[in-house]
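Using the working numbering, read the sequence shown as starting at 17 and increasing by one per residue. Each remark here refers to the structure printed beneath this line.
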Amino acid sequence: MTSTMDILSTNITISERLTFAEQFFMWLFKQKINADNAMGIDDRHPYEKHIIGTITMFLAIINFIITLSVTLALFYVKSMKNSFGYLNISHGVGDSIVLLIFILWYAPMIIIGRQVDQTLVALKIAHFTAVCMCGANHSAIFIAFGRYNALVHPLKYSTVFTRSRTMTFIALAWLTAFGHHCVSFFPPCFYYFDFRHYTWFHADNLCGEFLSWFVDLCYGFVMVILIGGIDIATFYQLHKAKQSQDPLMRKTVTSHKRFRHEWRFFVQAFLSSGIIMLIFLAFHLVKKSMALRFVHFLTGCVCVILVHGSNALVLLLFNKELRSTLITPIKRFLPFSFIYAKDASDLLRSKSSRIAERHHLPTYTTDT
Numbered sequence: 017m018t019s020t021m022d023i024l025s026t027n028i029t030i031s032e033r034l035t036f037a038e039q040f041f042m043w044l045f046k047q048k049i050n051a052d053n054a055m056g057i058d059d060r061h062p063y064e065k066h067i068i069g070t071i072t073m074f075l076a077i078i079n080f081i082i083t084l085s086v087t088l089a090l091f092y093v094k095s096m097k098n099s100f101g102y103l104n105i106s107h108g109v110g111d112s113i114v115l116l117i118f119i120l121w122y123a124p125m126i127i128i129g130r131q132v133d134q135t136l137v138a139l140k141i142a143h144f145t146a147v148c149m150c151g152a153n154h155s156a157i158f159i160a161f162g163r164y165n166a167l168v169h170p171l172k173y174s175t176v177f178t179r180s181r182t183m184t185f186i187a188l189a190w191l192t193a194f195g196h197h198c199v200s201f202f203p204p205c206f207y208y209f210d211f212r213h214y215t216w217f218h219a220d221n222l223c224g225e226f227l228s229w230f231v232d233l234c235y236g237f238v239m240v241i242l243i244g245g246i247d248i249a250t251f252y253q254l255h256k257a258k259q260s261q262d263p264l265m266r267k268t269v270t271s272h273k274r275f276r277h278e279w280r281f282f283v284q285a286f287l288s289s290g291i292i293m294l295i296f297l298a299f300h301l302v303k304k305s306m307a308l309r310f311v312h313f314l315t316g317c318v319c320v321i322l323v324h325g326s327n328a329l330v331l332l333l334f335n336k337e338l339r340s341t342l343i344t345p346i347k348r349f350l351p352f353s354f355i356y357a358k359d360a361s362d363l364l365r366s367k368s369s370r371i372a373e374r375h376h377l378p379t380y381t382t383d384t
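Written as C-alpha cells, this is what we have:
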C-alpha cells in the first residue's frame with residue numbers, strides 16, 4: 017500500500033494527491049492548485065519548523081492554562097453545580113486534553129521535524145486527540161440545546177436536564193465521539209497529523225477518501241447546521257417573546273432585567289458556538305481549497321487550538337462568580353502583587369512619616 021508520506025515525497029502535482037473532498041472544492045471554487053503555486057517541502061526556510069512549532073506551543077500553553085483553570089474552577093462555583101456546569105466540565109476536559117497533547121506532542125514534533133507521522137505511537141495519539149475533539153464538540157451541542165430550553169422553555173428545562181440525564185448526555189457525547197473515529201483505529205483507514213504540513217490527513221486509499229468525505233467533511237457541516245440552527249431558533253424565540261410582550265410590561269424593572277439576562281445568556285451561547293462554526297468552516301473550506309503549508313498551519317493548528325480554548329474564555333468573560341473564584345487564589349498566593357501595591361505604599365508612607373517625626377525631619381507629600 018502506498019502511504020500518503022510516500023506520495024508527498026514524489027515529484028508530482030498537488031492536485032494528484034488530493035482527496036475526493038478536496039477535488040470537489042477545487043471544482044466548486046474554480047481554483048486550480050498545482051505545483052507552481054503550492055509550497056513544496058524542500059523550499060521552506062530552515063527555521064520555519066522552529067517558528068511554527070514555537071507559535072503552536074505558545075498558543076497551546078496560553079489556552080491550556082485558561083481552559084484548565086476554568087474547568088477546575090467550575091467544581092467550586094455554586095451557580096455551576098447544575099446541568100450547564102457539568103456539561104461545560106465535560107467540554108473543558110476534552111479541550112484540556114487536546115491542548116495538552118499539542119503541548120507535549122504536536123508542537124515538539126513540529127520543532128524536531130522527525131518523520132514520525134505514521135508510527136504506531138503517532139497514529140494512536142492522533143486517534144485519541146480526534147476522540148477528545150469530538151467529545152468536546154458533542155458536549156457543546158448538548159450545551160447549546162440546554163441553553164435553548166433554558167431560555168425558551170424554562171419549565172421543561174428542569175425536568176429534561178436533571179442530574180442523572182445530564183450524566184447520560186455526557187456519556188452519550190463521549191460514546192458517539194469514540195464511535196465516530198473507531199474506524200480510524202484500524203488499518204488501512206488511519207488518520208494522522210502531518211508534522212511537515214502542519215495539518216491532519218486521512219490515509220491515501222479508498223477508505224481514507226470515504227472517511228475524508230463522510231466522517232470529516234459531512235460531519236463538520238452537520239455540526240455547523242446543528243449548532244447554528246439551535247442559535248437561530250433561540251434568537252427567533254427571544255425576538256418573538258419580546259414582540260408579543262405587553263408594552264407596559266416592557267417598561268417594568270423586573271421585565272427589563274429578565275430580558276437583559278436572557279439576551280446576555282444568548283450572546284454567551286452565540287459567541288461560544290459561533291466560534292466553533294467559524295473554525296469548522298475555516299477547517300473544511302479554506303483548508304480543502306488551498307494547499308499552502310501556511311494555510312494548513314492556520315486551519316490545522318491555530319484554528320484547532322483556538323476553538324478548544326474559546327469556550328473557557330467565553331465562560332470567564334460572562335460569569336462574575338467564576339472570575340472571582342479564579343482571582344481569590346491569586347490574591348492568596350501573590351500577597352505582594354500589584355493588587356496590594358496601594359496598601360504597601362500607604363504603609364511605607366506612614367513608616368517614613370513616623371521616622372521623620374522621631375528625628376525631627378521635614379516630611380513631604382505629593383498630590384495625586
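We put the beta carbon where it would ideally sit given N, CA and C, even for glycine.
Residues bridged to residue i (per DSSP)
i: residue 208; result: 217
Beta-carbon separation (whole angstroms), residue i vs residue j, contact threshold 8 Å
i: residue 213; j: residue 146; result: The Cβ separation is near 17 Å, so there is no contact.
i: residue 138; j: residue 76; result: The Cβ separation is near 17 Å, so there is no contact.
i: residue 89; j: residue 338; result: 6 Å
i: residue 253; j: residue 167; result: 7 Å
Under 8 Å between C-beta atoms of residue i and residue j
i: residue 148; j: residue 114; result: yes
i: residue 182; j: residue 63; result: no
i: residue 85; j: residue 342; result: yes
i: residue 92; j: residue 142; result: no
i: residue 223; j: residue 193; result: no
i: residue 211; j: residue 129; result: yes
i: residue 100; j: residue 72; result: no
i: residue 112; j: residue 189; result: no
i: residue 164; j: residue 248; result: no
i: residue 215; j: residue 316; result: yes
i: residue 104; j: residue 242; result: no
i: residue 328; j: residue 82; result: yes
i: residue 78; j: residue 126; result: no
Burial state of residue i (16 or more Cβ within 10 Å)
i: residue 74; result: exposed
i: residue 178; result: exposed
i: residue 205; result: buried
i: residue 310; result: exposed
i: residue 386; result: Lying before the first or after the last residue shown, residue 386 is absent from the chain, which here runs from 17 to 384.
i: residue 22; result: Its pLDDT being 42, under 50, residue 22 is placed unreliably by the model, and the measurement read from it follows with that caveat. Counting Cβ neighbours within 10 Å, residue 22 comes out exposed, since fewer than 16 surround it.
i: residue 156; result: buried
i: residue 238; result: exposed
i: residue 355; result: Only weak support exists for where residue 355 lies, its pLDDT of 46 falling under 50; the value from the coordinates is given anyway. Flag for residue 355 reads exposed.
i: residue 158; result: buried
i: residue 184; result: exposed
i: residue 234; result: exposed
i: residue 324; result: buried
i: residue 346; result: exposed
i: residue 80; result: buried
i: residue 95; result: exposed
i: residue 313; result: buried
i: residue 169; result: exposed
i: residue 173; result: buried
i: residue 227; result: buried
i: residue 87; result: buried
i: residue 160; result: buried
i: residue 27; result: Caution is warranted here: a pLDDT of 33 is assigned to residue 27, below 50, making its placement in the model unreliable, and no coordinate value can be reported.
i: residue 326; result: buried
i: residue 219; result: buried
i: residue 108; result: buried
i: residue 47; result: Legend: pLDDT at residue 47 = 49, less than 50; position of this residue unreliable, no value from coordinates given.
i: residue 250; result: buried
i: residue 320; result: buried
i: residue 52; result: Unreliable placement is indicated for residue 52, whose pLDDT of 36 sits below 50; the coordinate value is still reported in the next sentence. Counting Cβ neighbours within 10 Å, residue 52 comes out exposed, since fewer than 16 surround it.
Contact test: residue i Cβ vs the ligand ZN heavy atom, cutoff 7 Å
i: residue 204; result: Absent from the structure shown: the ligand ZN. Ligands present: none.
Any chain C beta carbon closer than 8 Å to residue i
i: residue 157; result: You won't find chain C in this structure, because it holds only one protein chain.
Note down, one range per segment and in chain order, each alpha helix (DSSP H) of at least 4 residues found wholly within the segment 79-167. 99-117 and 123-128
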